[in-house]
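*Asks:* Numbering-wise (numbering that gives the first Met the number 0), the sequence shown opens with residue 0 and increments by one.
Think of the CB as a built atom: it goes at the ideal place given N, C-alpha and C, for glycine as much as any other residue.
Values in this document were obtained by computation on a predicted structure and should not be read as measured data.
If you scroll down you'll find the structure; I have some questions about it.
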Amino acid sequence: MLDEINNQEADSREHCFSKAPVPEEILDWLKVNSVLSIVLSDYKKRGSSFEEILQNDARIVSYNKSEIILRKGDYGGSVLIPIEGKVRVNLEQSQEHRFARKKKLEKRSWLSAIGQLFKKKKTQEAFSRVVTQDEISGSSGLKPFIDTDVDQFIANNLTRTIGIGEIFGEIAALRRCPRTASVFASSACKLVEIRWQGVRELLARSKEFERFLEDIIGDRRHQIFSFVKMIQHLSEDVQRTISSKAVFERHGSDKWNRNFRKMLNSDQSLLEQESVVLNQGHHMDGLYVVLNGFARVTRKDGGEESTTGYLRPGDVYGLKELTRENRQGEDGVAFHTIRAVGALDLVIIPKSDFNEHVFPEIEKGIETGRSNEEGFISRDLLDFFLDRRIVNGNQTMIIDLNRCTDCDDCVKACAVTHEGNPRFIREGHRHAELMVATACMHCADPVCLVGCPTGAIHRESNTGNVIITATECIGCGTCVESCPYNNIRSVEIHDAYGKPIIDLETGKPALKATKCDLCIDQPSGPACANACPHDALHRVDFSDISKVTRVIEKITG
């Protein structure tokens, strides 16, 4: 009888963040002694209670001394609150190598990969058993640790204690960007980890908590500068000085994907529908640094306004104008107009701080990273990529139509790798000699993640690739609807014998979301690109403008 009760409780928590419930005494402690007490100050009682949200979307995690809790540059969608022990954040950029990843993802052996060619092909998605998250990720259960004595590291380097009941990890969770700092256990410790879905529910019920987190992000935004080339080498003190005076702005809408198809079919031009950040000819008040999202760069010559480039996270605008002002003494005015493409987060570094701290480094010849790009590819093609938000892609599949012979070897290779079930469609948007295929682009801003109720679709922490954990997917179709590119599909699933798995509530075949996973476990990488006999298929990262240009030049000649 006891076993039945335990099994029923485990089943009821199948899609919770943890199979074990959060102890009541910890929930009571959080209400009084942690930042979550702010939530209760104006909690709107609708739907799930505070306790129910945490029981569904929180878990208790433990770390031993020297173990790494968060690694700078990794992706993650959760926030953490220490409840016991000591936790510290590293503030020394020069010591980040101590936190570097030492173990690579285990891939299939070449023998196993070749063996896939001779396996009996399946015609449907088959799930023979439920596997655990650890089995899917290949985790051994061992946590990474700092490769030096922790006490000595703390004594010799700049670190900061994260107090009991404080919160961290909020920048990556709310902005869908990489972790901005490395955090480690300086003693054995326990923390409450709340996944993005729970944070979203708490934010929806408490404006005070929303304001609190936005204020924290503002206070800690200097950490974001570590990903901007022209700023990352500046000292921590200088970065804090710049950050304290910088202006944070948000443009566009976080929910741009909901209206994206309507925008494409609107009588208004997309330029008219995009939010203007800076107008051509206006006074330059500082250096514009893109934190998240995308911007279109346009220039008006005569009466015609045309696209000349785009900006992605880490890019800057205003470098040419401000540098020219410093060198020639002319009043700096914007050479271009900047528009938000979807949602855009940026920081404006005031001109005085640019002149004092950044410009001297430019004069020394320090690498400054990418500014606004102009003249790399045709303006028609830039509009094609920007209008369809294809610049969001980190792994966009572009097919050279001059070379493609419709042999479908790419689709066949994908099917072989995924047990007879291809993960992309060789169709898509066309422009002259190229086509953007209907395949997951593993976006810089993956809006498909936002609505998932279980966290089944998420970013792999070290690569940022967007993957789906099949055992966590409940087939709700939220990610399918949220993807503005139609790159995710809902498919009927079958057991190991080919029989459809029936949803007991609806009586209909159960569904799962499926999409390209970049052949994450294959030793040779994406099977589609490797199988193409005509070198017609390319995977393109739109953050690397030089690679985009090389691929386009190769296709267009």
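Under DSSP, the beta strand (DSSP E) around P81 begins and ends at which residues?
*Replies:* Taking the sequence shown and counting its residues from 1, the one referred to as residue 81 is at position 82. Run containing P81: 77-83, per the beta strand (DSSP E) assignment.
*Asks:* Could you check whether A530 and D408 sit closer than 8 Å to each other, using their CB atoms as the reference points?
*Replies:* Residue 408 sits at position 409 when you count from the first residue of the sequence shown. Residue 530 sits at position 531 when you count from the first residue of the sequence shown. For D408 and A530, yes; Cβs fall inside 8 Å.
*Asks:* Once DSSP output is grouped into helix, strand and coil, what is the label at V237?
*Replies:* Within the sequence shown, numbered from 1, the residue matching residue 237 stands at position 238. V237: helix per DSSP, three-state reduction.
*Asks:* State yes or no: is the C-beta of S557 within less than 8 Å of the C-beta of L503?
*Replies:* For the chain, the structure presents residues 0 to 556; residue 557 sits outside this window and is missing.
*Asks:* DSSP state of P508, grouped into three classes?
*Replies:* Translated into the one-based positions of the sequence shown, residue 508 becomes position 509. Correct three-state label for P508: strand.
*Asks:* How long is the line joining the alpha carbons of T179 and I487, rounded to whole angstroms?
*Replies:* The count along the sequence shown starts at 1 and reaches residue 179 at position 180. The count along the sequence shown starts at 1 and reaches residue 487 at position 488. Cα to Cα, T179 sits roughly 29 Å from I487.
*Asks:* Rounded to whole angstroms, what's the CA-CA distance from V130 to T470? Just pull it up for me.
*Replies:* Indexing the sequence shown from 1 puts residue 130 at position 131. Indexing the sequence shown from 1 puts residue 470 at position 471. Confidence at V130 is low in this model, with a pLDDT of 36, below 50, so the placement of that residue should be treated as unreliable; the coordinate-derived value is given next. Those two C-alpha atoms are separated by around 7 Å.
*Asks:* Looking at the structure shown, is A146 part of a helix, part of a strand, or coil, going by DSSP?
*Replies:* For the purposes of this step, residue 146 is taken as the residue at position 147 of the sequence shown. At residue 146 the sequence reads Asp, which differs from the Ala that was named. Here D146 sits in coil by DSSP.
*Asks:* Would you kindly report the start and end of the unbroken beta strand (DSSP E) that includes A339?
*Replies:* Within the sequence shown, numbered from 1, the residue matching residue 339 stands at position 340. Taken as a continuous stretch (DSSP letters only), the beta strand (DSSP E) holding A339 covers 336-349.
*Asks:* Got a sec? Which residues, its chain only, sit under 6 Å from G72 by beta carbon, not counting five neighbours each side?
*Replies:* Translated into positions along the sequence shown, residue 72 becomes position 73. Around G72: P177.
*Asks:* Have a look at T437 and N393 and give me their C-alpha separation to the nearest angstrom.
*Replies:* Within the sequence shown, the letter at position 438 stands for residue 437. Within the sequence shown, the letter at position 394 stands for residue 393. When rounded, the distance between both Cα atoms is 14 Å.
*Asks:* Is it the case that the Cβ atoms of V78 and G168 are separated by a distance below 8 Å?
*Replies:* Along the sequence shown, read from residue 1 onward, the residue named residue 78 stands at position 79. Along the sequence shown, read from residue 1 onward, the residue named residue 168 stands at position 169. Contact flag set, yes.
*Asks:* Should K85 and T160 be called a contact, given that it needs their Cβ atoms to be closer than 8 Å?
*Replies:* Residue mapping note: residue 85 aligns to position 86 of the sequence shown, counting from 1. Residue mapping note: residue 160 aligns to position 161 of the sequence shown, counting from 1. In contact: K85 and T160 (Cβ atoms closer than 8 Å).
*Asks:* Is H96 helix, strand or coil when you go by DSSP?
*Replies:* On the sequence shown, position 97 is the one that residue 96 refers to. Helix, per DSSP.
*Asks:* When you compare the CB of K299 with every CB in chain B, is at least one pair closer than 8 Å?
*Replies:* No chain B is part of this structure, which consists of one protein chain only.
*Asks:* I believe I397 touches L433 by the beta-carbon criterion, under 8 Å. Please report the beta-carbon distance rounded to the nearest angstrom.
*Replies:* Here the question's residue 397 lines up with position 398 in the sequence shown. Here the question's residue 433 lines up with position 434 in the sequence shown. Right, the Cβ-Cβ distance comes to about 6 Å (below 8 Å), so this counts as a contact.
*Asks:* So A184 is in the beta strand (DSSP E); what residue range does that whole segment cover?
*Replies:* Reading the sequence shown from its first residue, position 185 is the one you call residue 184. Where A184 is concerned, the enclosing beta strand (DSSP E) stretches over 182-184.
*Asks:* Indicate the three-state DSSP secondary structure (helix, strand or coil) for C518 in the structure shown.
*Replies:* The count along the sequence shown starts at 1 and reaches residue 518 at position 519. If DSSP states are grouped into helix, strand and coil, C518 belongs with coil.
*Asks:* Judging by CA-CA distance, which residue of I25, P143, E303, E362 is the nearest neighbour of Y62?
*Replies:* As a first step, residue 62 must be located in the sequence shown, where it is residue number 63. The shortest C-alpha separation from Y62 is found at P143.
*Asks:* In or out: H250 buried (at least 16 other Cβ within 10 Å) or exposed?
*Replies:* Mapped onto the sequence shown, residue 250 falls at position 251. Result: buried.
*Asks:* According to DSSP, Y309 sits in a beta bridge with which residue or residues?
*Replies:* Taking the first residue of the sequence shown as 1, we reach residue 309 at position 310. Paired residues: R295.
*Asks:* Cβ of L381 within 7 Å of any heavy atom in the ligand HEM?
*Replies:* By its list of ligands, the structure shown contains no ligand whatsoever, and the ligand HEM lies outside what it can speak to.
*Asks:* Where do the ends of the beta strand (DSSP E) carrying M396 lie?
*Replies:* As a working mapping, residue 396 is identified with position 397 in the sequence shown. That run of the beta strand (DSSP E) goes 395-399.
*Asks:* Write down the C-beta distance between R295 and Y309 rounded to the nearest angstrom, noting that I regard them as a contact closer than 8 Å.
*Replies:* Along the sequence shown, one-based indexing puts residue 295 at 296. Along the sequence shown, one-based indexing puts residue 309 at 310. About 6 Å separates the two Cβ atoms, so the contact holds.
*Asks:* When DSSP labels each residue in this structure, what does M434 get in the three-state scheme?
*Replies:* Within the sequence shown, residue 434 is the residue found at index 435, counting from 1. Three-state DSSP puts M434 in a strand.
*Asks:* Could you tell me which of V449, G474, C475, I473 sits nearest to V465, measuring between CA atoms?
*Replies:* Position 466 of the sequence shown, counted from the start, is the residue given in the question as residue 465. Measuring from the Cα of V465, the nearest candidate turns out to be V449.
*Asks:* Output needed for T147: all residues of its chain with C-beta closer than 8 Å, excluding positions within five of it in sequence on either side, in chain order.
*Replies:* Along the sequence shown, one-based indexing puts residue 147 at 148. Result list for T147: R97, in chain order.
*Asks:* Please confirm whether S48 and I80 have their CB atoms less than 8 Å apart.
*Replies:* Here residue 48 corresponds to residue number 49 of the sequence shown, with the count starting at 1. Here residue 80 corresponds to residue number 81 of the sequence shown, with the count starting at 1. Contact flag unset, no.
*Asks:* Can you tell which of K30, Q521, R70 has the C-alpha that lies nearest to the C-alpha of Q417?
*Replies:* Sequence index remark: in the sequence shown, residue 417 carries index 418 (1-based). With the sequence shown as reference, residue 417 is identified as His, and Gln is not the correct amino acid for it. Ranking the options by Cα distance to H417, first place goes to Q521.
*Asks:* May I have the straight-line CA-CA distance separating G76 from I551, to the nearest angstrom?
*Replies:* As a first step, residue 76 is located in the sequence shown; it is residue number 77 there, counting from the start. As a first step, residue 551 is located in the sequence shown; it is residue number 552 there, counting from the start. Going by the C-alpha atoms only, they are around 34 Å apart.
*Asks:* Grouping DSSP H, G and I as helix and E and B as strand, with all else coil, what is R58?
*Replies:* As a working note, residue 58 is residue 59 in the sequence shown. Residue state, collapsed to three classes: strand.
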